[in-house]
Every structure is written in C-alpha cells, then in structure tokens.
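Working notes, structure below.
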Amino acid sequence: MNHSSFRNWRLPSLIVLAFAVFIFVISCGQHLMTAPGPSNGNAPYGTSFCAVGTPDSLCPFIPHEVDDSSALSPGYRTHLDTIDQPKFDEFSWQTFIALNWPANSSGAPTGYVIGNDTSARVWEYYNSVDDVFGGGPDACDPGTPGSKFLFQPLVVSSGGFTTAGFTENDGNALIDRNLNFVLYEIMMSPSEVAYVQGNKLNTLSGQQRFVDSLKKAGQPLTINLPSSYYQVIKSKTGGTIGTIEIKAAWRLLLPKEKDRWNRFYNREATIFIPAANRKSGKDTCFTARVGLVGMHIITKTKLFPIMVWSTFEHVDNTPDNLEEAALHPDYPWSFYNPNCLNCLTNTPADTLVHNQSKLIWANKPPFAKAYGQTMINDAHVDTFGTQVTRTYPIYGPTQQMNKAWQQKLKGSVWENYKLVGSQWLSSNNEPIHGVPNPPPAPELLGNSVIETFMQDTSSCIKCHNGATNTFSFGKDSLRYDFSFLLFRGLSNKGDALKEKMPSDK
18 MNHSSFRNWR
28 LPSLIVLAFA
38 VFIFVISCGQ
48 HLMTAPGPSN
58 GNAPYGTSFC
68 AVGTPDSLCP
78 FIPHEVDDSS
88 ALSPGYRTHL
98 DTIDQPKFDE
108 FSWQTFIALN
118 WPANSSGAPT
128 GYVIGNDTSA
138 RVWEYYNSVD
148 DVFGGGPDAC
158 DPGTPGSKFL
168 FQPLVVSSGG
178 FTTAGFTEND
188 GNALIDRNLN
198 FVLYEIMMSP
208 SEVAYVQGNK
218 LNTLSGQQRF
228 VDSLKKAGQP
238 LTINLPSSYY
248 QVIKSKTGGT
258 IGTIEIKAAW
268 RLLLPKEKDR
278 WNRFYNREAT
288 IFIPAANRKS
298 GKDTCFTARV
308 GLVGMHIITK
318 TKLFPIMVWS
328 TFEHVDNTPD
338 NLEEAALHPD
348 YPWSFYNPNC
358 LNCLTNTPAD
368 TLVHNQSKLI
378 WANKPPFAKA
388 YGQTMINDAH
398 VDTFGTQVTR
408 TYPIYGPTQQ
418 MNKAWQQKLK
428 GSVWENYKLV
438 GSQWLSSNNE
448 PIHGVPNPPP
458 APELLGNSVI
468 ETFMQDTSSC
478 IKCHNGATNT
488 FSFGKDSLRY
498 DFSFLLFRGL
508 SNKGDALKEK
518 MPSDK
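First residue of the sequence shown: 18, per our numbering; consecutive thereafter.
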C-alpha cells in the first residue's frame, strides 16, 4: 500500500468501506449560520414532531405506519394535494429524525437531544450491504476496539445499477465544488437483514432454493420483505419496525477550502481506494472528514407494501431555483458555482479522460480534478465540479413542512437538511403487469445528489419496480419486492458469508 503521496492525509486506524464511510461524530451542537431560502409560511396539516407521545416534541420513535393512512380514500388523486401528501411528508420527517437520533453501542436511541451528542446515529448501527451479502476489501488497518466499520465496494447489479461506491445508480460520478468525488453507502434494517439471511437470499444458491420451495408450495415467486406495522393502529401500540433501506451520500470536507463543518452532520471517515480506480495503480486508505449531503429512506409498511420513499438533502447542495442563486451570488454551494456561467448542468463526468475507460482517483486531492469542467474566464482557466440544478421544484406544502421542522431543529446541524419529497402508492393500486397503475404520488421524484443525472425521469417506485422480475432462474422469475440490493446475492456462489448483527458492531 502506498501512503507517501498523501503527505498531510493521516493514515487510517479504522477499517471502513470502499468508497464510503465510517463515522464518528465531532461537532453537532454548534451555532449555525442561517442558510438562504424562501419563506414558505406555516406548515400544513398540524405537524406532529413525534409519531408516538407528545406531538410538540422531537422524539426517537420510528413511525410504523403513515398517520391517518387508514383514512385515505380508496380513490386516488392524480396530483399532489394538501389532504394526503402532508401525511407522508410528516412520516418522512419523523423517520429521518428518529433514524438520526444519537444511539448507544447496541444501536438503541439514547436520552440525549438530537444534534447535541457525539454518539453514532441509530441507522449507523444497521447492517451495511456488505455485512449481509459479503464483499469489500480487507485493505485498511484494523479498527480500534468497539469501532464500527463499513465496506462499500463499487458493485454493479445485473440490471446495470450500482448499489454502492463513488458513483450513482446510473454509474456516473458526482463531483463537488472542491473537485472531489461524492461517496455513497447503503444500510439495511435488522428486520430486513433477518429475513434475507434467514431465507438465505444473500447467495445465488440460496435464492435458487427459495424459488424451488415456493414452487413446491404452489406460492407466487415473490420475495416478501417484512413490513412495519402497529398492533393497534388507532393507539399506535404494539407491532414492529420492518424493512428500512437507507442510502447516504457524503462529500469530503476540507478546511483549506473553507468548508463549514458545523453546517453538516460530519464524521471522520477512512476511505479505501482500490488499485483499479487509483492513478498510482495501488490500493490506498486515507482518513478524511466527510459531511452528509443526501439521504434516501425506503420504508415498507403494512398499509403501503409498495413502500414509502423519502429523500432528503442538505440545504447547501444547490439553489432551488435561479432566483435563489441570483440573491446569493457568493454563497458556497456544494454542487453549484455561479461563476460557471457556461457550464453544462447535470452532466456526468467523461470517463474517457486521458484515454481511461473508468474513473480514476488522483493520488492526492482534488481527487477528481481531471473530470471537472474547464472554462476560460477573464484570460485564466477555471475548473469546476458538477454543476447541479434542481429539475423539478419541491412541492409547496413540502417546503412549508420543511420550514416547521427546521425551526424545531434550530441550533443543530439538522436544521440544515430538507425533505425533497415523499413518494407513495396506495396499497389498493397494485402494479399491473409489473407497472404501477395509476402513477405514484408524486409521479417524479429525484434527489439532486443521488439521482443527479436522471432527474428528468426519476421515479423511485417506477425504477425499483424493475427489481421485481428482472432475474430469471431458468424459466422462473423471482420478484425482488422493489429492492435492488437482492441482486447482490447473485454474485455469491456459496453460503459461507459473515453474519454481523447491529449489536455486534
């Protein structure tokens, strides 16, 4: 392993993931600078900040079901409205806060107030995809006792989607204002992990046996991931948390580039770069501070088995519109530079730079400079990262909901995050011939740092619907219940995979 080119980059003492991150909180409770943004009035729908208990207080309770979802009319509105949509946005915010609550060593929420504690968060004690499906390099130094480690190699499913690493689902890389790649990681809830491992769905042979057992029993060839539910929905008592999948996006925070750490939920990360993606051609690990810039949360509930799809972003990612960009010309957006007037927007990096067929990290930061957009300004040459713009505006009532939660979270890093949207499809509208009909609400939903290059057509449900009958075992097709992660099992020929539950981390 070659460390000499990193100079001031400290070598790791913690094992982590390839292209993604281990996390150890440093500063969450500092005074924060107010981010620019429009005034959106009061939140709709009488916002409840806690799914169970006092509605006026933030709490670590992960909701098991969408509030008042049993009262949804059987009919379906073909457009967003202020009757049903705020219920899902509230569910999304309650879930986001509960998952980001400080946790103890077993992954249970602590009694500390969110944002004012340095503990790892609840979701960080979930299993990574590599805990469940295997893989990941053992190329970094061993971690300290009790430390959490994550492995996130770049893996492309048979459907052509990347499930982890430093590229988005479409295989393209996002580059920030400092010309560094954005990193991604994926985590799975304990209930989902238990189902996958219990049914041996983390291997090819296990999936084949699962198909054989379903055929023998005369049952549909469908994986049925566990759902969240309340035993008594009216009182919100009993029940359990079911399937939750999380995809987090992180960017490197560099002090010399004046990145404001106290505006981000940030962690110390050990990052592994394999030889195949490094200019030196050698495996390398290094440590760096990373900040959370985006998060997908997928939650399966009993009443919404097609899942509720929630997506959040940091407010500093990119202006929501040109007016906001014009009002704040000097604001240090993470993925937008007002000086890059002629930059192509939402355009992926050219992988053929320097005759390379894949993305290559430089030996030192900025790691992605070779893939930046070069412009000549006033007789000098400037290089910019990905120029990200939001394709579709955030739904008005969702903006109002955001303002209410941001006010409640004021004084913590979490006031700097916003809900982009919540997508859902009523349970009485099952997919017909593999295609949801009628369309989900909203019909299109994309995160600017997770689906940067396909915002025009991005739909969580329509995209993941392709995971339900894509892979064939001979003449048999197994439906993956909207989870692309199960494709990871197809690359594993045997059953000897490690099993690491949250309490073991």
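Here a beta-carbon is modelled for each residue, glycine too, at the ideal position from N, C-alpha and C.
- Contact check between the stretch 401-409 and the stretch 331-340: three or more CB pairs, one atom from each, fall below 8 angstroms, which counts as touching.
- Counting the other CB atoms within 10 Å of its CB gives K264 a total of 16 or more, which places it among the buried residues.
- Secondary structure note for Y201: its beta strand (DSSP E) is the uninterrupted segment L200 to M205.
- Bridge pairing for H397: N394 [DSSP].
- Judged by beta-carbon spacing, N380 lies within the 7 angstroms limit of K296, meaning their Cβ atoms are closer than that value.
- With contacts defined by Cβ atoms closer than 7 angstroms, Q111 and A68 form a contacting pair.
- Per DSSP, the unbroken alpha helix (DSSP H) holding V149 starts and ends at V146 to F150.
- Sorting H345, L358, F329 and S439 by C-alpha distance to the C-alpha of S465 places F329 at the top.
- For the alpha helix (DSSP H) assignment, the stretch 232-282 encloses no uninterrupted run of at least 4 residues.
- Nearest in C-alpha terms to F78, of all of K425, I258 and R284, is I258.
- Bounds of the beta strand (DSSP E) holding M312 are T301 to T316.
- With contacts defined by Cβ atoms closer than 7 angstroms, Y212 and L231 do not form a contacting pair.
- For the pair G311 and R277, the Cα-to-Cα distance works out to about 16 angstroms.
- When the Cα atoms are used, P237 and F150 turn out to be separated by approximately 24 angstroms.
- Rounded to whole angstroms, the gap between the alpha carbons of A234 and I114 is 42 angstroms.
- If you ignore the 5 residues before and after K425, its C-beta comes within less than 7 angstroms of the C-beta of F66 and L75, all in its own chain and listed in chain order.
- Look at G132 here: in three-state DSSP terms it is coil, with no helix or strand label.
- With fewer than 16 neighbouring CB atoms inside 10 Å of its own CB, S252 falls in the exposed class.
- With respect to N283, R306 sits close: the two C-beta atoms are nearer than 7 angstroms.
- With a threshold of 16 other beta carbon atoms within 10 Å, G63 falls short and is exposed.
- Unbroken beta strand (DSSP E) stretches of 3 residues or longer found wholly inside the stretch 376-442: 390-394, 397-401 and 434-440, given in chain order.
- The three-state secondary structure of R496, taken from DSSP, is strand.
- A contact between stretches requires three or more CB pairs, one per stretch, nearer than 8 angstroms, and the stretch 191-208 meets this requirement with the stretch 136-148.
- Residue pairing for V325: DSSP places it in a beta bridge opposite T316.
- For F78, the three-state secondary structure derived from DSSP is coil.
- For P355, the CB contacts under 7 angstroms within the same chain, skipping 5 residues up- and downstream, are A342 and P346 in chain order.
- Listed in chain order, the non-local C-beta contacts of C357 below 8 angstroms within the same chain comprise Q390, M392, D399, F401 and Q404, local neighbours out to five positions each way being set aside.
- Classified as buried, N294 has 16 or more neighbouring CB atoms from the shown chains inside 10 Å of its CB.
- Considering only S123, L116 and T469, the residue with the shortest C-alpha distance to P80 is L116.
- With respect to N189, P365 sits close: the two C-beta atoms are nearer than 7 angstroms.
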